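> Numbering (the working numbering), first residue to last: 413 to 1063. Glycine included, C-beta positions come from ideal geometry on N, C-alpha and C. Since we're looking at a predicted model, the values are computed, not measured.
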Amino acid sequence: MEEKETRQEYLVRLLNEYAYNYYVLEHPIVADYDYDKLYDELVEIENKTGIVLASSPTRRVGGEVLECFQKVEHKVQLYSLNKCNDEDGLEKFLNDVKAFVPNPQFTLEYKFDGLRIIAKYENGQLVQASTRGNGLVGEDVTEQVKTIKSVPLEIQYKGEVTLAGEGVITLMNLEKYNKTAQEKLKNARNAVAGAIRNLDPKVTAKRNLDVVFYDIISTDNVAIKTQVDVQNFLKDNKFLTGKLFKICSNIEEIAEVAREVDKTRSTLDIQIDGLVLKLNNLKDREELGFTAKFPKWAIAYKFAPVELSTILRDVIWNVGRTGKVTPTAVIDEVELAGATVSRATLNNYEEIMRKKLKINSLVFVRRSNEVIPEILGLAHDNDDSKEIEKPIFCPSCKGPLVEVGPNLFCENEDCKDKVVAKISYFATRNCMNIEGLSDKIAQILYEFCAIRSFSDLYSLKNSDLKGLEGFKEKKISNLLSSIEKSKNCKLKNFINSLSIENVGEKTAKDLVKKFGTLKNILNASYIDLIEVKDIGDIVAKSILNFFSDEKNILEIEKLKSFGVNILEEEMIEIDKENFFYNKKFVLTGTLEKFKRNEATAIIENLGGSVVGSVSKNTDYVIAGTDAGSKLEKAKQFKVAVLTEYEFESHL
């Protein structure tokens, strides 16, 4: 025992050290019997004193069942990775980076196939763990993650740090769990997702998961300048990290590692589906920045997808919210890329004909990046193979179907499946965000509560739901509360929620950025609409058709009458004579007076645009301190360079 350390503190420290050696280093330094004896002593002290230290291993067994997941807004946006699946793709990525970063150095790590976990530490304590969610908002899974023995509850570093890792389960632990489980887990990825996204932390604890940490999202540690520093920080603070960590500088080195790992990946105890290549220098990463979806400084090299052959038994036709009728293939169950697969995607009848697919034929199935596998084509017909018939009538309402290009549509606005799909989409996070209103609940509300429109949801009462199967007081209260809460919504979410054909989340956002208010969108002409970036003839006509339909206008008015408050962004007339209007800017280096996102917002609000790389078409480069390759590129292309203070003088 250390000086001034109580017996309880000593036991916590000692047991955590034993756990680190066992779960992270895979090198036990104490017999199970001796560990259990010390653990029991700690439990006895905690029971007597009523005090449980924050980092006590007894906290890992899981507490009470949680009522629901709390939402966590991420401090910075979490991006997914761009992908490539061959050496040509890797080489293109390297060349793109080299165009801006001379002599770049990269790190190479495993790409784990699990569930992304974000862990936040303050003053050395684990204070929050969350899922990635949509990249902006995730779910609070702190209590679940605390049950994972390889995740330290306390670390040596006492500053603020937020880490990214992957929740995984070893194949050995999966097999061990399945030996005694009443309901066996079919694959490792689902086992992890089901354990962490479970309201009962005890379920998480039983599955013996791990979190493999690989990145720092944010920190106040100024010493972290490279991915190598990140790796050293993680190891110094006793986090579990991947067993592969290589530094490479060229395509030959990277390709050699990739080929070796691809050959041996089936021998690993943890599922991986590729490798992750990252630019080592963090400052260079800042220079390269991000696209709308991906960091420009990292890429996932995906191994060749797993393909199998199986029998196509049936095709089911489903009606979506726009009336589009799409086919899904029912296949004989196979284990494919770590998942049990019994269905595969088919886009339309034209694809069925092109691939010469038939019922009872042997087909090739692939699962790579897709959650739902795809049918690649026909292997061969069998004696009992038969043609797949193109439906003439809607599988839901039995009304006639119409062909639009390669797709089939049900035009009946009262079609049950179409209405249910619309209501379900209306409730999603990027629309009205009505928690608890799933596809299944939307179906129940249609059948038993006569919900036929969005506005019908806002007239629901406790008495309408009482007595319905699965609806207890708590569930009813939560649903009605969520519906009430949804009444205050952003205009972009509202537009997205209306299920306008060809209009999704991005187009809704673009419309709001251009027009600012619902009234302006309603009054927009065809010419106004096609002036919006990425809106062409088809989308413009879809928007005009929707808002020229009196039923849709009446529905919007009805929603307003129920108290739906659309939070609009009033347009500010831009002075086209201002310095920034219609000019392209690149930001580089560290800005002292403005954060990058603030400078970007200022430029965009004044009619300019901010791009990620310097070219001959760039008007100005705004250079802060320690500006790097972008400044050199500006000189090369003779692009005007502004200091931060010169930038400010034009405001």
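If you check the beta carbons only, do I684 and T582 fall under 9 Å apart?
No, these two residues do not count as a Cβ contact at 9 Å.
> Hey, K996 and T1030 are a contact pair by Cβ (cut 8 Å); roughly how many whole angstroms apart?
The pair is a contact, with the Cβ atoms about 5 Å apart (cut-off 8 Å).
> Could you check where the alpha helix (DSSP H) with D641 kicks off and where it finishes?
Start and end: 639-648.
> How is the alpha helix (DSSP H) around C861 delimited, first residue to last?
That run of the alpha helix (DSSP H) goes 851-861.
> Helix, strand or coil: which one does DSSP assign to F959?
Three-state DSSP puts F959 in a helix.
> One question on the structure: do V573 and N644 come within less than 9 Å of each other, judged by their Cβ atoms?
For V573 and N644, no; Cβs fall outside 9 Å.
> Go ahead and pull the three-state DSSP assignment for F505.
The answer is helix: DSSP assigns F505 an H, G or I state.
> Can you look up E847 in the DSSP assignment and give me helix, strand or coil?
Coil, per DSSP.
> For the beta strand (DSSP E) containing L621, list its first residue and its last residue.
That residue, L621, is in no beta strand (DSSP E); it is neither H nor E in DSSP.
> Helix, strand or coil, according to DSSP, for K897 in the structure here?
Helix at K897.
> Could you give the DSSP three-state label for D946: helix, strand or coil?
Reduced to three states, the DSSP call for D946 is coil.
> Could you tell me which residues DSSP puts in a beta bridge with L790?
Answer is V775, bridged to L790.
> Just to confirm the assignment, what range does the alpha helix (DSSP H) spanning S1041 have?
Residues 1041-1048.
> Between which residues of its own chain and G571 is the CB-CB distance below 6 Å, once the five residues before and five after are set aside?
D632, N633, listed in sequence order.
> Look up L423 in the DSSP assignment and say whether it is helix, strand or coil.
Helix, per DSSP.
> In angstroms, rounded to a whole number, what distance separates the CA positions of R601 and K658?
Roughly 25 Å between the two C-alpha positions.
> Within 10 Å of its beta-carbon, does D949 have 16 or more other beta-carbons around it, so buried, or fewer, so exposed?
By the neighbour-count rule (16 or more Cβ atoms within 10 Å), D949 is not buried but exposed.
> Among residues of its own chain, excluding the 5 on either side of V623, which ones have a beta-carbon nearer than 6 Å to its beta-carbon?
Cβ neighbours of V623 beyond the five flanking positions: I529, I560, V563, G577, G579.
> Please state whether DSSP places G577 in a helix, a strand or coil.
In this structure, G577 counts as strand in the three-state DSSP scheme.
> Can you name the start and end residues of the alpha helix (DSSP H) that L767 belongs to?
Looking at the sequence provided, one finds Lys at residue 767 rather than Leu. Here K767 belongs to no alpha helix (DSSP H), and DSSP marks it neither H nor E.
> Starting from the C-beta of R697, find all residues in its chain whose C-beta is less than 6 Å away, skip the five residues before and the five after it, and write them out in chain order.
Contacts found: L691, W709.
> Where does F518 land, buried or exposed, given buried means 16+ other C-beta within 10 angstroms?
Looking at its Cβ environment, which holds 16 or more other Cβ atoms inside 10 Å, F518 is buried.
> Going by CA-CA distance only, name the one from K873, S960, V642, V1033 that's closest to L999.
Looking at the Cα atoms, V1033 is the closest of the given residues.
> Please determine, among R471, L427, E699, the residue with the shortest C-alpha to C-alpha distance to Y451.
Measuring from the Cα of Y451, the nearest candidate turns out to be L427.
> D744 lies in the beta strand (DSSP E); which residues open and close that run?
Looking at the DSSP string, the run of the beta strand (DSSP E) that includes D744 is 736-748.
> Along the chain, where does the beta strand (DSSP E) that runs through F518 open and close?
518-524 is the span of the beta strand (DSSP E), which, as asked, contains F518.
> With three or more C-beta pairs closer than 8 Å as the rule, is the segment 884-898 touching the segment 861-874?
Touching, yes.
> Drop a sphere of 10 angstroms on the beta-carbon of Y1116, count the other beta-carbons inside from all chains shown, and report buried for 16 or more, exposed for fewer.
Residue coverage of the chain in this structure runs from 413 to 1063, which leaves residue 1116 outside it and unanswerable.
> Take N819 and list the residues in its own chain whose beta-carbon comes closer than 6 Å to its own, dropping the five residues that flank it on each side.
Closer than 6 Å at the Cβ level, and outside the excluded window around N819, lie K736, N760.
> Which partner residues of I530 appear in the DSSP bridge assignment?
Bridge partners of I530: S542, A576.
> If you check the beta carbons only, do P807 and D826 fall under 9 Å apart?
Not in contact: P807 and D826 (Cβ atoms no closer than 9 Å).
> Tell me which residues share the same chain as N649 and place their Cβ nearer than 8 Å to its Cβ, disregarding the 5 neighbours each side in the sequence.
Answer for N649: P564, I567, Q568, Y569, listed in chain order.
> Since N977 contacts N900 with CB under 8 Å, what's their CB separation in whole angstroms?
Their Cβ separation, rounded to whole angstroms, is 5 Å, which keeps N977 and N900 in contact under 8 Å.
> So, does the CB of K510 fall closer than 9 Å to a CB anywhere in chain B?
Among the protein chains of the structure shown there is no chain B, as only one such chain exists.
> Go through the segment 1004-1041 residue by residue and report every complete run of the beta strand (DSSP E) that reaches 3 residues or more, in order.
Here the runs fully enclosed are 1032-1035.
> What's the C-alpha gap between K1047 and L1054?
Their Cα atoms are separated by approximately 12 Å.
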